[in-house]
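Q:
In full-length UniProt numbering, the protein residues as written are 1 to 74.
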């Protein structure tokens with residue numbers, strides 16, 4: 001999470017790009033996003049992730065959107 005004073009400055013995009021850049025040998029990135037945070041789901045969709053399902057790993061956990069992005073190797 002980016003703290004409020006740093007929001008709307010591209011910080012989350014730069015952090016995400018740095019993390020993905022470190023995964024050059026991977027075919028895809030998979031993550032879980034709490035479905036009660038639709039802005040976050042939309043953010044990942046804007047970065048090329050697609051929702052492929054939902055998961056509730058534990059009885060007392062929230063429901064998560066399972067999101068996947070195919071990565072260009074190289």
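Cβ atoms here follow ideal geometry from the backbone N, Cα and C, with glycine treated the same way.
Quick caveat, the model's predicted, so the values are computed rather than measured.
#1: Alpha carbon to alpha carbon, how far is residue 64 from residue 6? Give it in angstroms, no decimals.
#2: Are at least three pairs of beta-carbons, each pair with one atom in the region 29-43 and one in the region 51-71, less than 8 Å apart?
#3: Can you list, in chain order, the residues of its chain whose CB lies under 7 Å from that of residue 16, leaving out five sequence neighbours each side?
#4: Let me check one thing: in DSSP terms, what residues is residue 30 bridge-paired to?
#5: If we ignore side chains and look at the alpha-carbon of each, how far apart do residue 11 and residue 42 end up?
A: This is what the structure gives:
#1: Straight-line measurement puts the Cα of residue 64 at about 26 Å from the Cα of residue 6.
#2: yes
#3: 47
#4: 68
#5: 16 Å
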